[in-house]
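A.B. asks:
Protein chains: 2
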Amino acid sequence: MRWSQTLVPTLKEVPADAEVPSHRLMLRAGLVRQVMAGAYTYLPLGWRAVRKAAEIVREEMEAAGAAELHFPAMSPIELWERSGRREAFGNVLLNFAFPRGDRKVHVALGPTHEEPITDLIKQSIASYKQLPLTLFQIQTKFRNEERPRFGVLRTSEFLMKDAYSFGTDIEQLNASYDAMYAAYCRIFERCGIPYLAVEAESGPIGGDASHEFMIPAENGEDSVVHCEASGYAANLERAETGRTAPQIVVPDDVPPMDAVATPGVSTIEAVCAALGVQPEQTLKTLLYTADAGTDEERTVAVVVRGDHDANEGKIRRAIGAATLSMADEATVRRVTGAPVGFAGPVGLEGVTLLADHDAVTVQPSVVGANSADAHRTNVCCGRDWTVETTHDLRDARAGDPDPKGGGPMKVVRGIEVGHVFKLGTKYSDALGAEYLGEDQKRRSVVMGCYGIGINRIVAGAIETSHDDRGIIWPKAIAPYQCHIIPLDIKDEEVMSLAQRFHDELEAAGVDCLLDDRKERPGVKFADADLIGLPTRITIGKRGLTEGVVEVKRRTDADPEKIAPDAAVARVRELLA
Amino acid sequence: MRWSQTLVPTLKEVPADAEVPSHRLMLRAGLVRQVMAGAYTYLPLGWRAVRKAAEIVREEMEAAGAAELHFPAMSPIELWERSGRREAFGNVLLNFAFPRGDRKVHVALGPTHEEPITDLIKQSIASYKQLPLTLFQIQTKFRNEERPRFGVLRTSEFLMKDAYSFGTDIEQLNASYDAMYAAYCRIFERCGIPYLAVEAESGPIGGDASHEFMIPAENGEDSVVHCEASGYAANLERAETGRTAPQIVVPDDVPPMDAVATPGVSTIEAVCAALGVQPEQTLKTLLYTADAGTDEERTVAVVVRGDHDANEGKIRRAIGAATLSMADEATVRRVTGAPVGFAGPVGLEGVTLLADHDAVTVQPSVVGANSADAHRTNVCCGRDWTVETTHDLRDARAGDPDPKGGGPMKVVRGIEVGHVFKLGTKYSDALGAEYLGEDQKRRSVVMGCYGIGINRIVAGAIETSHDDRGIIWPKAIAPYQCHIIPLDIKDEEVMSLAQRFHDELEAAGVDCLLDDRKERPGVKFADADLIGLPTRITIGKRGLTEGVVEVKRRTDADPEKIAPDAAVARVRELLA
Numbered sequence: 001m002r003w004s005q006t007l008v009p010t011l012k013e014v015p016a017d018a019e020v021p022s023h024r025l026m027l028r029a030g031l032v033r034q035v036m037a038g039a040y041t042y043l044p045l046g047w048r049a050v051r052k053a054a055e056i057v058r059e060e061m062e063a064a065g066a067a068e069l070h071f072p073a074m075s076p077i078e079l080w081e082r083s084g085r086r087e088a089f090g091n092v093l094l095n096f097a098f099p100r101g102d103r104k105v106h107v108a109l110g111p112t113h114e115e116p117i118t119d120l121i122k123q124s125i126a127s128y129k130q131l132p133l134t135l136f137q138i139q140t141k142f143r144n145e146e147r148p149r150f151g152v153l154r155t156s157e158f159l160m161k162d163a164y165s166f167g168t169d170i171e172q173l174n175a176s177y178d179a180m181y182a183a184y185c186r187i188f189e190r191c192g193i194p195y196l197a198v199e200a201e202s203g204p205i206g207g208d209a210s211h212e213f214m215i216p217a218e219n220g221e222d223s224v225v226h227c228e229a230s231g232y233a234a235n236l237e238r239a240e241t242g243r244t245a246p247q248i249v250v251p252d253d254v255p256p257m258d259a260v261a262t263p264g265v266s267t268i269e270a271v272c273a274a275l276g277v278q279p280e281q282t283l284k285t286l287l288y289t290a291d292a293g294t295d296e297e298r299t300v301a302v303v304v305r306g307d308h309d310a311n312e313g314k315i316r317r318a319i320g321a322a323t324l325s326m327a328d329e330a331t332v333r334r335v336t337g338a339p340v341g342f343a344g345p346v347g348l349e350g351v352t353l354l355a356d357h358d359a360v361t362v363q364p365s366v367v368g369a370n371s372a373d374a375h376r377t378n379v380c381c382g383r384d385w386t387v388e389t390t391h392d393l394r395d396a397r398a399g400d401p402d403p404k405g406g407g408p409m410k411v412v413r414g415i416e417v418g419h420v421f422k423l424g425t426k427y428s429d430a431l432g433a434e435y436l437g438e439d440q441k442r443r444s445v446v447m448g449c450y451g452i453g454i455n456r457i458v459a460g461a462i463e464t465s466h467d468d469r470g471i472i473w474p475k476a477i478a479p480y481q482c483h484i485i486p487l488d489i490k491d492e493e494v495m496s497l498a499q500r501f502h503d504e505l506e507a508a509g510v511d512c513l514l515d516d517r518k519e520r521p522g523v524k525f526a527d528a529d530l531i532g533l534p535t536r537i538t539i540g541k542r543g544l545t546e547g548v549v550e551v552k553r554r555t556d557a558d559p560e561k562i563a564p565d566a567a568v569a570r571v572r573e574l575l576a
Numbered sequence: 001m002r003w004s005q006t007l008v009p010t011l012k013e014v015p016a017d018a019e020v021p022s023h024r025l026m027l028r029a030g031l032v033r034q035v036m037a038g039a040y041t042y043l044p045l046g047w048r049a050v051r052k053a054a055e056i057v058r059e060e061m062e063a064a065g066a067a068e069l070h071f072p073a074m075s076p077i078e079l080w081e082r083s084g085r086r087e088a089f090g091n092v093l094l095n096f097a098f099p100r101g102d103r104k105v106h107v108a109l110g111p112t113h114e115e116p117i118t119d120l121i122k123q124s125i126a127s128y129k130q131l132p133l134t135l136f137q138i139q140t141k142f143r144n145e146e147r148p149r150f151g152v153l154r155t156s157e158f159l160m161k162d163a164y165s166f167g168t169d170i171e172q173l174n175a176s177y178d179a180m181y182a183a184y185c186r187i188f189e190r191c192g193i194p195y196l197a198v199e200a201e202s203g204p205i206g207g208d209a210s211h212e213f214m215i216p217a218e219n220g221e222d223s224v225v226h227c228e229a230s231g232y233a234a235n236l237e238r239a240e241t242g243r244t245a246p247q248i249v250v251p252d253d254v255p256p257m258d259a260v261a262t263p264g265v266s267t268i269e270a271v272c273a274a275l276g277v278q279p280e281q282t283l284k285t286l287l288y289t290a291d292a293g294t295d296e297e298r299t300v301a302v303v304v305r306g307d308h309d310a311n312e313g314k315i316r317r318a319i320g321a322a323t324l325s326m327a328d329e330a331t332v333r334r335v336t337g338a339p340v341g342f343a344g345p346v347g348l349e350g351v352t353l354l355a356d357h358d359a360v361t362v363q364p365s366v367v368g369a370n371s372a373d374a375h376r377t378n379v380c381c382g383r384d385w386t387v388e389t390t391h392d393l394r395d396a397r398a399g400d401p402d403p404k405g406g407g408p409m410k411v412v413r414g415i416e417v418g419h420v421f422k423l424g425t426k427y428s429d430a431l432g433a434e435y436l437g438e439d440q441k442r443r444s445v446v447m448g449c450y451g452i453g454i455n456r457i458v459a460g461a462i463e464t465s466h467d468d469r470g471i472i473w474p475k476a477i478a479p480y481q482c483h484i485i486p487l488d489i490k491d492e493e494v495m496s497l498a499q500r501f502h503d504e505l506e507a508a509g510v511d512c513l514l515d516d517r518k519e520r521p522g523v524k525f526a527d528a529d530l531i532g533l534p535t536r537i538t539i540g541k542r543g544l545t546e547g548v549v550e551v552k553r554r555t556d557a558d559p560e561k562i563a564p565d566a567a568v569a570r571v572r573e574l575l576a
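As given, the protein sequences belong to chains A and B, one line each in that order.
Residues 1 to 576 (the UniProt record's numbering) are what the first sequence spells out, left to right.
Residues 1 to 576 (the UniProt record's numbering) are what the second sequence spells out, left to right.
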């Protein structure tokens, strides 16, 4: 492709509003332009990279036995009401009504496609003989992002590969899940991007087992807890720690506990400031309602160190609850006898009391007094309040021991690029997708769902592979594999050689960008570094009189001078 | 691909609500399923056909020097207000506002992308040196079809290739237009669908020169006027006729004209019924306002035969008007002295009077009397009213002479599958897309736009190529090229041979569907005919004992029996 036939509007200046390297570089290299907040046009170079990534995804999905189909973006809002996700998505679900004849048609633009595909399976699948089955699409998704940001990493419209597996039972689900997991690893390896497969909560999409695929990146939105030694990786919501229940030791020299007046002081920060202590010397006592609305409804008090974050998933699992939510103010008043902000473990009755491992090692501690505007100091667990055992109830932190027995864990930032879920029967139950078993009984189809953000592969690759001059593309998703720079476009020998290189490389399957602009060499070189294609051939009049052209990789400091007839073979070698 | 790994829900019954063959067959062969009125899911077989058609389009666009990019579907409503198309599209433009933080964001879902791409060019192109340039995308478009119908032929969401050319002047536009026109011919030829390139009005999209590419099909929505001998083809709005101005001859034996009372009789049908004449014995006189709101505003009366349809484009061109609209009731009363429905050419003053060629040969005729509830009979042109000359002012009809001198023309039905337009500067003027010329002057970029409905290629192919058993796919866009049918899936020899054929053909670039279902031969054969892949191999236990398998094309009545080792080569030969 000649530069003059495509649109590559490179920018010298760094765009002011671009926060992260991938955003800055995608704008500067002419890969994307913003149409409105959260919506970007992919210009020819950017779109080639997206298409190459999409094609790798497609090939690996097919190799894993999945068949491609394509849903419309629009579907009736009723489908989303039946699954409960109209409410769960809230404002994120773009939906609108429009007139058709004398009626109104109300549609949602799919943020994912569980509902329409479950409805399709309900219509199309009758028997266990037709299962298992995995279907996928590569399609534009819509989500109203309240704060679109990070360039193309978080937008209201994006290209997603979404796959869905359908099976008769958990064994078929597990087999499909494992096949998708393995395909994801191959995809990210082929795309040349670093990734971590991270244990994850399934979140509002439902289900109970999932992994996120993360690109480690400084500017990632997500936190990943990771141990290189053991390979353990989990997102912050999910990460276990290798901490164990400590022995509860009451120090000899702690005076009896004391009550202090703390009028209006109801946060850890305020308590620390008022009493001159550090957060790690305090405990916070959080009140939850478990299994609300069921026969099992109960109030749970959770004690964690003042500087720690309680983890609701861990609390839920520790008490075997299906749901957990913060207790309302009335419950807090009833249980503690005080407004919110003054709960403490001492003398707390009528609740299930749980403590995090680290909470019982703060001896003595400052805690709420279960009385308005008051705290207690010199509180000791085992003396002033007791628990039988302790649990892992807080978010993991850097330095925590690895649950798999590796070394201390790190917390790294990551960009989520893929996600695999075991959905179970959440959607097939809601929408009535059943199959007839060999025993002639009807059962709900057991589902999994598997997403990849195609645009995020591209942005993530740039986020993790660039230098101060520009992008350094992985070969497999580079918009072109070779950048051909004729320095003097009016010289016939230079231009015909450039065209010959172009044609020979293209014939050999190496796609090329030929910079036929009338620009100074410095401009062309700077743009070539900015765009960052893996290899470059430079052809100059002076070089040709010496019988050489220059070949280099984007990552090489200096070019090799070689005979023109050897250039094509050399480029192919460098790309091999 | 094994049937058991994909989703091909064929139907034995003809769906009740499917009006046209392509719709019936696409449902029955399991290519599509409706999600809601005007929105279809493409199931795996249907989507493969769409993707193959899209890939042919992409290759030919690139071969014609166009570069691919990708816009979001959403764009700010303001862009569409600036171009005037929010109003022009009316309800067809799907648009909605949604909350983001404390603001509302109002977007349109692109029915085409002139506005966003013109805005992009405005930002990205500065100089004549960057032109000409042709950009395209293959992207989902949205339109609120008031009456979605004909299955996937007219839907609210569809896959479109839209290309846009940008040039400095009309010469560059013409060159881009010609390149796109030639690419379209190659695309439809490669896809294996019959087509006509048809002269067309440009319609509400603007501009002044365009061609539609039509698939001739009985159930097409459009009418095409066509002469096979000369190759002339035009849509009904545009089609000229080879008719010339006749000599106006007043017959000797016509009595003087007469006035008859026709109370409440204001349509041609009613006049004919009341007076016992045929429509072709009457004339209708239509009143228009030309160039409304300008200094040139004037009233035009047009006389056509009672059974003919006046053609506004022809009238506009005959009088050199920029705009033309039906005169309002006040104007009709002022000019004729009567309410609407009683205009006639006799004694009509203060208007530009035009007559169609055929109008002056109705001698005598019945006409309106320019008086309420009255008509005139025995009216003769050249005696009772006069015109200097006559014009081609009506829609063409079957049997009309060809303007290029061929034989009598036919009117055939067609499905519009592509459209090329010379837009000129309509959008670049409205949105300010200018370039700096060599003479340092700023001018509006000169644009063309070029669309292809990808889904329509597929539906059109089926509409024109099927028999009573099912689809007959053109090779290039068939979902798979070969259908492999093992008759006894429990026989190891049969199944391993089927798999071997599959693998060898796939390795040779022939994609295959292997029907591994446990079904009777009759069911498999009927489904194979219904799905209509170009070639089929049938493998049976009995045949193998005789040392043969069966190979046939979809269009062959009977299969050939050949040795298994010759089957792959034979299929490749049949597809060559």
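All residues carry an ideal CB built from backbone N, CA and C; glycine is no exception.
Is there contact here, the stretch 107–115 of chain A with the stretch 72–80 of chain A, by at least three beta-carbon pairs under 8 angstroms?
C.D. replies: Output reads yes: the stretch 72–80 of chain A touches the stretch 107–115 of chain A.
A.B. asks: From which residue to which residue does the beta strand (DSSP E) around residue 165 of chain B run?
C.D. replies: From DSSP, the beta strand (DSSP E) with residue 165 of chain B extends over 157–167.
A.B. asks: Would you report the Cα separation of residue 185 of chain A and residue 546 of chain B, rounded to the nearest angstrom?
C.D. replies: Using only the alpha carbons, I get a separation of about 48 angstroms.
A.B. asks: Just to confirm, are residue 36 of chain A and residue 453 of chain A a CB contact at a threshold of 7 angstroms?
C.D. replies: Not closer than 7 angstroms, so no.
A.B. asks: Could you check what DSSP says for residue 486 of chain A in three-state terms: helix, strand or coil?
C.D. replies: It is a strand residue.
A.B. asks: Just checking my contact of residue 378 of chain B with residue 258 of chain B at CB under 8 angstroms: how many whole Å lie between their CB atoms?
C.D. replies: With a Cβ gap of about 5 angstroms, residue 378 of chain B and residue 258 of chain B count as contacting.
A.B. asks: Quick check for students: name the residue ranges of the beta strand (DSSP E) that lie wholly in the stretch 358–410 of chain A, counting only runs of 3 or more.
C.D. replies: Counting whole runs of 3 or more residues, the stretch 358–410 of chain A contains the beta strand (DSSP E) stretches 365–368 and 374–379.
A.B. asks: Expressed to the nearest angstrom, what Euclidean distance is found between the alpha-carbon atoms of residue 275 of chain A and residue 373 of chain A?
C.D. replies: Distance between the alpha carbons of residue 275 of chain A and residue 373 of chain A: 13 angstroms.
A.B. asks: When Cβ atoms are compared, which residues of the stretch 376–408 of chain A fall closer than 9 angstroms to chain B?
C.D. replies: Cβ contacts with chain B: none found.
A.B. asks: 7 angstroms is my cut-off, CB to CB: does residue 53 of chain B come that close to chain A?
C.D. replies: Not one chain A Cβ lies under 7 angstroms of residue 53 of chain B.
A.B. asks: What residues in its chain sit with their C-beta under 6 angstroms from that of residue 363 of chain B, if we drop five residues either side in the sequence?
C.D. replies: The residues are 251 and 380.
A.B. asks: Please state the DSSP three-state secondary structure of residue 308 of chain B.
C.D. replies: Residue 308 of chain B falls in the coil class under three-state DSSP.
A.B. asks: Tell me which residues share the same chain as residue 193 of chain A and place their Cβ nearer than 7 angstroms to its Cβ, disregarding the 5 neighbours each side in the sequence.
C.D. replies: Closer than 7 angstroms at Cβ, skipping near neighbours: 215, 457, 460, 461, 464 and 474.
A.B. asks: Could you check what DSSP says for residue 521 of chain A in three-state terms: helix, strand or coil?
C.D. replies: Correct three-state label for residue 521 of chain A: helix.
A.B. asks: Tell me, please, whether the CB atom of residue 91 of chain B is closer than 7 angstroms to any CB atom in chain A?
C.D. replies: So, interface residue.
A.B. asks: Within the 7 angstroms Cβ cut-off, does residue 43 of chain B reach chain A?
C.D. replies: Chain A contact via Cβ: present.
A.B. asks: What's the gap between the Cα of residue 370 of chain B and the Cα of residue 411 of chain B?
C.D. replies: Roughly 35 angstroms between the two C-alpha positions.
A.B. asks: Taking the continuous alpha helix (DSSP H) assigned at residue 186 of chain A, which residues delimit it?
C.D. replies: Looking at the DSSP string, the run of the alpha helix (DSSP H) that includes residue 186 of chain A is 170–191.
A.B. asks: Give a yes or no on contact between the stretch 487–505 of chain B and the stretch 554–572 of chain A, applying the rule of three or more CB pairs nearer than 8 angstroms.
C.D. replies: Cβ pair count under 8 angstroms is below three, so no.
A.B. asks: So which residues of chain A does residue 35 of chain B contact, with C-beta pairs closer than 9 angstroms?
C.D. replies: Ordered by position in chain A, the residues that pass the 9 angstroms Cβ test against residue 35 of chain B are 71, 72, 74, 75, 76, 79, 116, 119 and 120.
A.B. asks: For the alpha helix (DSSP H) holding residue 46 of chain A, just list the boundary residues, first then last.
C.D. replies: 44–63 is the span of the alpha helix (DSSP H), which, as asked, contains residue 46 of chain A.
A.B. asks: Quick check on residue 96 of chain B - is its C-beta less than 7 angstroms from some C-beta in chain A?
C.D. replies: Yes - at least one Cβ of chain A is within 7 angstroms of the one on residue 96 of chain B.
A.B. asks: Given a cut-off of 7 angstroms on the beta-carbon distance, is the pair residue 471 of chain A and residue 515 of chain A in contact?
C.D. replies: In this structure, residue 515 of chain A does not lie closer than 7 angstroms to residue 471 of chain A by Cβ.
A.B. asks: Straight-line CA distance for residue 560 of chain B to residue 41 of chain A?
C.D. replies: C-alpha separation (whole angstroms): 53 angstroms.
A.B. asks: Report buried or exposed for residue 198 of chain B, applying the criterion of at least 16 other Cβ atoms within 10 angstroms of its Cβ.
C.D. replies: Buried.
A.B. asks: Using DSSP's beta-bridge definition, name the partner residues of residue 471 of chain A.
C.D. replies: The partner list for residue 471 of chain A (beta bridge, DSSP) reads A:466.
A.B. asks: Looking at the C-beta of residue 220 of chain B, does it have a partner C-beta in chain A at a distance below 7 angstroms?
C.D. replies: It does not: the Cβ of residue 220 of chain B has no partner Cβ on chain A nearer than 7 angstroms.
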